[in-house]
Structures are given as structure tokens and as C-alpha cells.
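Numbering (my numbering), first residue to last: -10 to 386.
Notes follow once the structure below has been shown.
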């Protein structure tokens, strides 16, 4: 299948198109079913066409789509209150995407120091392998050359250090440092976890130097790891968190969550959005929380995550030349590949299983949080079949 000549050539798309989806399954026009363990890159948190989300969106679509933030939007107030009640945060700003949520987080951190009499404190420490978005600021924050090449001078103000090198973090802190920005669990970077006590060590450094701790939970947030937010696996409370992906369940939306203290400088006129927080998005976001915050839901995500990890570990034991190791937390799993991850992903697709490649030669498994035990076992079986076929091909080569 060729990409349309009318589109920008910025995506290397798989030769697949889907007509409809239901739960964890996607179907092509000719009826071929694929088990979706890519989840729209961690977006389809409740699968495809979840009846509660469909009902919420349909009802709202018949009432009001967009009015702009010139007026009060009750759905915003309700969703913000629920996020605040279930997190560290006191304030929320709604966006259209994860990159916009990160932009808001960066601006909030810089503005905090500005209003507190330190306009020189604007630099943010980030980590190798990070991915924070595709805007000019967020590609600079991520620091990966392949994303920055050809787009002019790098946006100033980001100091990148090796992945969780605490000595390098300490050395990077200077009189212009405003914040530390990190993913609690790297997604695009290859499902890389922080060391035990890592987040607490960063919190301590921030407190010692008057810095803000900013978390990118665009991929890990809204139940993906078995907690509403990944930081909640620790005793650490951040100052600012950016979320997106799962909170919309497929509808484009994000949010920047902040303490009252960190957001004090974000007064009227300092930041804005035309589409962010519109009634359609808010109806869906509230519907997502209805499901994710229901009693027992997050605990079940953790249980299913262990079931998935156990099954994958068996495949890694049997086919170490294909799968070198298993990473991840909850329903955010990574296959560290012994062969090129593009080859492994193609073999998975041949088994009608969808996954998402990542850095560090990893394949991400990001199934809908509603995946049941049987669907997880089916995915494991298909991964085993793909691994066996790749191992046999390697042995015959």
C-alpha cells in the first residue's frame, strides 16, 4: 500500500488500514482481525469504541462542541477537580496533545522563577533517551539529534545528561537551573525504568537547590502502570506533571497538572489555547476517569501486567536470540530484542499482533487497559510463534 502523494512524507506507515475497532481488536475492510497491543501508542486506554466513551462523546456532540476559553466550561471544572482529588496537583491546564502539555509545563516552571525574582533561572535538566514531543522546545528537551536536524538552532535552555547519572545531574545544576524534567519510565526511549529510589533522589536535589521537579507522564499516566500516575508507586510528589494519550482514550487531549505554588505565575494572559479543554474533549476525559477510577480497575491492570510479563519471560528464556529481556511496569511492557526490532515487529504483524517500536532496539506492548486474560494469553502465544519463526530462520541462515 502506497502512502498518498497528497500527504507529507513524514511517516513510514505499515501496509495496513483499518475500518473499525472493537475492544482490543482492529479490523481491515476485508474483515481481517488484528489484536491491538500498540493501543494507538498508549492512547486507546479503554480500547476501541468503548460504549461508555461512545455514549459520552455522542451525547456531547449533540449539545455543544466548542465555545473557546473565553467562557466557563463546566466539563473542565469537573475533570480538573477529579484530577486534583486523585493526584498531588492543585491546578490543571488542558491542552490538545502531550507536546502542548509539556510546553505548558516548561513555561510554568520558567514563569515560577520569574515571578519569584529569578528570571535568570530558565534552564531545565533532561535525560538522554527522553522523548517529550515534536515542537521546537520539546525536541530540544528530548535532545535526540535525529529529531532536531534541519530545524535550525536548538531552542536554548535544556541541559541533557546521561540517563539517570546522578553525578552528572549534580554537575549540571547551576545558577540558571530552573527544573529537572524526566519520564518516570521512558517510553520512546525503550521502556527504561529509573533505579530504585531514583525519583526520591531527584526530589531531594530539587529541594536542596530550589528547583521544580517536572514529570512527563504522557505515556505512563492514566493507569498505564497500574496506578493513575506512575509517580504514585513512590512516596515522591512532583511539582508539575504533563499528561495526554490515555486521558482522552483516543480523543486528542492533554493536561498540565501543577501545585498551587508552581502555577502561581500562570496568571490571566500568560498562556492560552483555542481548542484545549473544549466540551467534546472534556466529556470524553470525564468518561475515561469514570472507568479508570472505578473500584478495582487499577489493581486489575497491575495483575494483568504481571500475567503479561510472566508469559513474555518464558519466551525470552526459550528464544534469547530473539528476545533478550523483558522490561516495564503494568501494561507498559518492552521486549528488548536480539534481532533488529523492525524485523521482530514485522513478524508480530504477520501473526496479526500490533506493537510499537521504540529506542534501544525495543518493541513496546501498550495494550488497552481493558484487555482480558484471554487476550493477554493470545498475545503471548502470537509473540511466541513469531519468536519461534525468527529463531528458526536465524538457525537456517
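Every residue gets a Cβ at the ideal spot worked out from N, C-alpha and C, and that includes glycine.
- Using a Cβ distance threshold of 8 Å, residue 151 and residue 157 count as a contacting pair.
- Partner residues in the beta bridge of residue 82, as assigned by DSSP, are 245.
- Close CB contacts of residue 177 within its chain, under the 7 Å cut and outside five residues either way in sequence, are with 120, 347, 348 (chain order).
- Out of 384, 240, 372, the CA that lies nearest to the CA of residue 54 is found in 240.
- Ranking 217, 184, 246, 298 by CA distance to the CA of residue 368 puts 298 first.
- Around residue 360, the same chain offers 13 as residues with beta carbons nearer than 6 Å, after the five sequence neighbours per side are excluded.
- Look at the segment 130 to 217 and you find these whole runs of beta strand (DSSP E), each 3 residues long or longer: 147 to 150, 166 to 171, 201 to 205.
- Taking a C-beta distance under 8 Å as the contact criterion, residue 58 and residue 262 qualify as a contact pair.
- The Cβ-Cβ distance between residue 323 and residue 310 does not fall below 8 Å.
- Sequence-distant Cβ neighbours of residue 81 in its own chain, meaning closer than 6 Å and more than five residues away, are 69, 72, 244, 246.
- Assignment of residue 56 by DSSP, reduced to helix, strand and coil, places it in the coil class.
- In terms of CA proximity to residue 351, 315 leads the group 252, 187, 315, 307.
- One thing to note: residue 254 has its Cβ no nearer than 8 Å to the Cβ of residue 32.
- A residue is called buried once 16 or more other Cβ atoms fall within 10 Å of its Cβ, and residue 90 is buried on that count.
- Relative to residue 5, the option among 172, -3, 20 whose CA is nearest is 20.
- Residue 340 and residue 148 have their C-alpha atoms spaced approximately 42 Å apart.
- Minimum Cα-Cα distance from residue 225 among the listed residues 236, 190, 257 corresponds to 190.
- Classified as exposed, residue 302 has fewer than 16 neighbouring CB atoms from the shown chains inside 10 Å of its CB.
- Of 167, 353, 337, the smallest CA-CA separation from residue 374 is found for 337.
- Per DSSP, the unbroken beta strand (DSSP E) holding residue 23 starts and ends at 22 to 25.
- Closest by C-alpha distance to residue 88, out of 321, 197, 63, 124, is 124.
- Spatial neighbours of residue 271 in its own chain (CB-CB distance under 6 Å, excluding positions within 5 residues in sequence) are listed in chain order as 64, 65, 68.
- The C-beta of residue 1 has fewer than 16 other C-beta atoms within 10 Å across all chains shown, which makes the residue exposed.
- In the structure shown, the three-state DSSP call for residue 323 is strand.
- Distance from residue 37 to residue 10 at the Cβ level is roughly 3 Å; contact confirmed, criterion being Cβ atoms closer than 8 Å.
- Take the alpha-carbon of residue 355 and the one of residue 106: they are about 43 Å apart.
- From the listed residues 362, 293, 274, the smallest Cα separation to residue 39 is found for 274.
- Two segments are said to touch when three or more pairs of C-beta atoms, one from each, lie closer than 8 Å; by this definition the segment 200 to 210 touches the segment 227 to 236.
- With a beta-carbon spacing of about 6 Å, residue 171 and residue 116 fall inside the 8 Å limit used to define contacts.
- Around the beta carbon of residue 25, a 10 Å sphere encloses 16 or more other beta carbons of the protein chains shown; the residue is thus reported as buried.
- At a Cβ-Cβ threshold of 8 Å, residue 318 and residue 223 do not count as neighbours.
- For residue 234, the closest C-alpha among the options 220, 218, 216, 211 is that of 211.
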